[in-house]
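The structure appears right after this line, and notes come after that.
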Amino acid sequence: MLFIQDAYAQAAPQAGGGASSIIMMVLLIGVMWFFMFRPQQKKMKEHQLLISSLKKGDEVMTNGGIMGRIMDLDNFAVDLEIAKNTVIRVQRGVVVQILPKGSLKAALGSNKAANDDKADKAEAKNEKNEAEDDADKA
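Sequential numbering from 1 applies to the sequence shown in UniProt numbering.
The following block contains the structure:
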């Protein structure tokens, strides 16, 4: 019974400071907005500026890595020439970068050199196989 009297005699715990917890929540939300949402908004504005500055003849890259030259564009789509006589239509929003002039020629030149090397190796391998077949027949 003595314990019950002690329990009633203790003071009730004080409630937490309401104003300080609200200030902490507002501060936390403000910091979160500053570090998360603000940079994203800045990137979106830069991308909108890039999309609005597109013009015919620009060399661009899409978010899928496709490089091409703008042949035609409208409000929603862009026609890209990705190879000779090969044109694809993509949404304007997928364009992520405007490339410097001549980038496509440089990229195509390196691909052509790599393809020529592959063709030379394949031709040499075929000649070697033919020579072995001739030796086996003899």
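Yeah, the Cβ is synthetic: ideal placement off N, Cα and C, and Gly gets one too. Model, not experiment: these values are computed from the prediction.
Integer Cβ distance of residue i from residue j, believed to fall under 8 Å
i, j, result
"residue 80", "residue 68", "3 Å"
"residue 61", "residue 97", "4 Å"
"residue 73", "residue 56", "7 Å"
"residue 93", "residue 51", "7 Å"
Sequence-distant residues of its chain with Cβ nearer than 8 Å to residue i (five each side left out)
i, result
"residue 88", "66, 68, 79, 80 and 82"
"residue 53", "98"
"residue 64", "94"
Paired residues, beta bridge with residue i - DSSP
i, result
"residue 80", "70 and 88"
"residue 97", "61"
Exposure label - residue i; buried when at least 16 CB within 10 Å
i, result
"residue 46", "exposed"
"residue 95", "buried"
Same chain, Cβ closer than 6 Å to residue i, five either side skipped, listed in chain order
i, result
"residue 103", "59"
"residue 108", "none"
"residue 100", "none"
CB contact check: residue i to chain D, cutoff 9 Å
i, result
"residue 86", "Protein chain content of the structure displayed is limited to a single chain, and chain D is not contained in it."
heavy atom of the ligand GDP below 8 Å from residue i C-beta
i, result
"residue 67", "Absent from the structure shown: the ligand GDP. Ligands present: none."
Other residues of its chain near residue i: CB distance less than 7 Å, five sequence neighbours each side excluded
i, result
"residue 76", "91 and 92"
At what residue ranges does the region 22-63 contain a whole run of the alpha helix (DSSP H), taking only runs of 4 or more?
38-52
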